[in-house]
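Visitor: Below you will find the structure I want to go over with you.
In the working numbering, the protein residues as written are 1078 to 1292.
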């Protein structure tokens, strides 16, 4: 491929091409390097969300080797790092044992931004009545988001809580090492809740490493 094949041009002072670039040698960048698409390699070292048809996840689902029985009424947050502009329509978690008699209108999953705004939610009342499977719920309104950190919020209320999956990390502090409170990767955000409302991220507490994903 020659430089002419790349259809290089300046757009607002930035050298741009709409073509794919492939090199069999080294590529050296002296300044910043911005990608607007998906990074791919011939031999990816680890699975990435797109391998599962997902836009982002908290971590590889095969690492969800432990379980948690959530405290009823507590809001649980797990971060999802979105690397490019996408539209999120579904949120996911892993359900073990089903809930017993979910309280109508009080079981929710939601997408939260870094300001603590609940961007969109979906009811889990009917989702948590059968277990031992990955579970998804369609948001009431799909969300077009830019690159950044978002959180999936989970809230359960029932006669008996469901069991959900997490890593085997023994202490909550391990998952938020060197992070400010408002940026905690895993957190809890309020107790005795029956619905998802705006969250004061700086008041969060370190939480369990619950597996979540977005698609």
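Glycine included, every Cβ here is placed at the ideal spot set by N, Cα and C.
#1: Would you be able to state if there are at least three C-beta pairs under 8 Å between the segment 1224-1242 and the segment 1171-1190?
#2: Who are the near neighbours of residue 1280 in its chain, counting only those whose CB is closer than 8 Å to its CB and skipping five residues on each side?
#3: In this structure, does DSSP put residue 1246 in helix, strand or coil?
#4: From residue 1268 to residue 1274, what does the alpha carbon distance come to, in whole angstroms?
#5: Quick one: residues in its chain with C-beta nearer than 6 Å to the C-beta of residue 1078, no 5 flanking neighbours on either side, listed in chain order?
#6: Just list the residues that DSSP pairs residue 1152 with in beta bridges.
#7: Give every residue of the same chain whose Cβ lies closer than 6 Å to the Cβ of residue 1155, excluding the five residues on either side of it in the sequence, and list them in chain order.
#8: Going by Cα to Cα distance, which pick from 1235, 1159, 1276 is closest to residue 1125?
#9: Please report the distance separating the alpha-carbon of residue 1251 from that of residue 1170.
#10: Measure the alpha-carbon distance for residue 1295 versus residue 1175 and round it to whole angstroms.
#11: With H, G and I counted as helix, E and B as strand and the rest as coil, what does DSSP make of residue 1138?
#12: What are the start and end residues of each continuous beta strand (DSSP E) run of 3 or more residues lying completely inside the segment 1164-1225, in chain order?
#13: Taking the alpha-carbon positions, what's the residue 1143 to residue 1191 distance?
#14: What is the DSSP secondary structure of residue 1258, reduced to helix, strand or coil?
#15: Here's the rule I'm using: 16 or more other beta-carbon atoms within 10 Å means buried, otherwise exposed. How should residue 1254 be labelled?
#16: Does residue 1080 come out as helix, strand or coil in the three-state DSSP assignment?
#17: Report all residues from its chain with a CB closer than 6 Å to the CB of residue 1221; omit the five preceding and five following residues, and keep chain order.
#18: Taking the alpha carbon of residue 1204 as the reference point, which residue from 1285, 1215, 1197, 1223 has its own alpha carbon closest?
#19: Go through its chain and collect everything with a Cβ distance to residue 1260's Cβ below 6 Å, but skip five positions before and after it.
Guide: Concretely, from the data shown:
#1: When C-beta atoms of the segment 1171-1190 are compared with those of the segment 1224-1242, three or more pairs fall below 8 Å, so the two segments count as touching.
#2: Within the same chain, residue 1280 has close Cβ partners 1258, 1266.
#3: In the structure shown, residue 1246 sits in coil (DSSP, three-state: anything other than H, G, I, E or B).
#4: Cα to Cα, residue 1268 sits roughly 12 Å from residue 1274.
#5: A caution first: residue 1078 carries a pLDDT of 43, below 50, which makes its placement in the model too unreliable to give a value.
#6: DSSP output for residue 1152 lists no bridge partner at all.
#7: Same-chain partners within the cutoff: 1135, 1229, 1263, 1287, 1289.
#8: Comparing Cα positions, the closest option is 1159.
#9: A direct Cα-to-Cα measurement between residue 1251 and residue 1170 gives close to 21 Å.
#10: In the structure as shown, the chain begins at 1078 and stops at 1292. Residue 1295 is therefore absent and cannot be evaluated.
#11: Here DSSP, grouped into helix, strand and coil, assigns residue 1138 to helix.
#12: DSSP runs (the beta strand (DSSP E)) wholly in the segment 1164-1225: 1177-1179, 1185-1189, 1195-1200, 1210-1222.
#13: Cα to Cα, residue 1143 sits roughly 27 Å from residue 1191.
#14: DSSP, reduced to helix, strand and coil, places residue 1258 within a helical segment of the structure shown.
#15: The residue in question, residue 1254, is exposed, as its Cβ has fewer than 16 Cβ neighbours within 10 Å.
#16: With a pLDDT of 48 at residue 1080, under the threshold of 50, the modelled position of that residue is not reliable, and no figure is offered here.
#17: 1164, listed in sequence order.
#18: Distances from the CA of residue 1204 to each of 1285, 1215, 1197, 1223 were compared; the closest alpha carbon is that of 1215.
#19: Excluding residues within five positions, none has a Cβ falling inside 6 Å.
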